[in-house]
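Residue numbers (UniProt numbering): 1 to 231.
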């Protein structure tokens, strides 16, 4: 993908080569498809995939595998569950720990459980919200996370190995808030760096929330004289 320039302080105009080069054509063909890259969506995607990578660590109990990074919660969060949910959680404690969810069970007859460790990104989210003078969000996020896995245990009998939805949503929010915004002026070098980073992403065509990050405009091969537009 070749960067042409920033457009309206919102988009990056680029060329992508979507055709197989003919033997008679120069190998320096720089592209035929004109696209606009949403600079906020692109940077959001780059940030999200970086945050996801940073959210995992090597699992000391299973060589070669990763697990979500966790942090302790002090004091532990008390969440009310049913007797059936309590049994489900007891039966899958080892799996839950691999998802940075450490659940303990008070000795009393209470139907509450205690969450003693949570994904580190939840703790970071809570810290950010409090620093900005906003209300605490940690219990709401933690309960959503616990409920997500209870429903998975009910429906499938096990927890999912992919990135949990609650974790994805928290990381997507972090990616959005720290990303390049509309009306941020980017130099040609910054535009090229962003496009190169986007090209390395697993899902380069959508932002952290699933919206398109790249929109095709025109195939220059279908224009009478494309050089008129770029010279």
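For every residue, glycine included, the Cβ atom is placed at its ideal position computed from N, Cα and C.
Exposure of residue i, with buried meaning 16 or more beta-carbon neighbours within 10 Å
i: residue 119; result: buried
i: residue 174; result: buried
i: residue 218; result: exposed
i: residue 182; result: exposed
i: residue 38; result: buried
i: residue 146; result: buried
i: residue 293; result: Absent from the model: residue 293. The displayed extent of the chain is 1 to 231, so no value can be given.
i: residue 94; result: exposed
i: residue 27; result: In this predicted model, residue 27 has a pLDDT of only 49, less than 50, meaning its place in the structure is not dependable; the value taken from the coordinates is given anyway. That one is exposed.
i: residue 90; result: exposed
i: residue 199; result: exposed
i: residue 9; result: exposed
i: residue 107; result: exposed
i: residue 221; result: exposed
i: residue 7; result: exposed
i: residue 101; result: buried
i: residue 223; result: exposed
i: residue 99; result: buried
i: residue 126; result: buried
i: residue 57; result: exposed
i: residue 177; result: exposed
In DSSP terms, what residue i is bridged to
i: residue 117; result: 72 and 102
i: residue 145; result: Bridge partners of residue 145: none, in fact.
i: residue 112; result: 80
i: residue 206; result: 212
i: residue 67; result: 57
i: residue 6; result: 12
i: residue 35; result: 14 and 216
Endpoints, the beta strand (DSSP E) within which residue i is located
i: residue 185; result: Looking at the DSSP string, residue 185 is not in any beta strand (DSSP E), and its letter there is neither H nor E.
i: residue 13; result: 11 to 16
Beta-carbon separation (whole angstroms), residue i vs residue j, contact threshold 8 angstroms
i: residue 208; j: residue 45; result: 6 angstroms
i: residue 191; j: residue 12; result: 5 angstroms
i: residue 214; j: residue 35; result: 5 angstroms
i: residue 76; j: residue 114; result: 4 angstroms
i: residue 43; j: residue 172; result: The pair is not a contact, with the Cβ atoms about 13 angstroms apart (cut-off 8 angstroms).
i: residue 205; j: residue 212; result: 6 angstroms
i: residue 139; j: residue 111; result: Between residue 111 and residue 139 the Cβ distance is about 17 angstroms, and since that is not below 8 angstroms, they are no contact.
i: residue 67; j: residue 30; result: 44 angstroms between Cβ atoms; not a contact.
i: residue 73; j: residue 117; result: 6 angstroms
i: residue 123; j: residue 55; result: Not really, about 12 angstroms apart at Cβ, beyond 8 angstroms.
i: residue 5; j: residue 188; result: 7 angstroms
N- and C-terminal bounds of the alpha helix (DSSP H) containing residue i
i: residue 49; result: 39 to 54
i: residue 174; result: 165 to 177
- Message: What ranges does the alpha helix (DSSP H) occupy inside the segment 117 to 142, keeping only unbroken runs of at least 4 residues that lie completely in it?
- Response: 120 to 131
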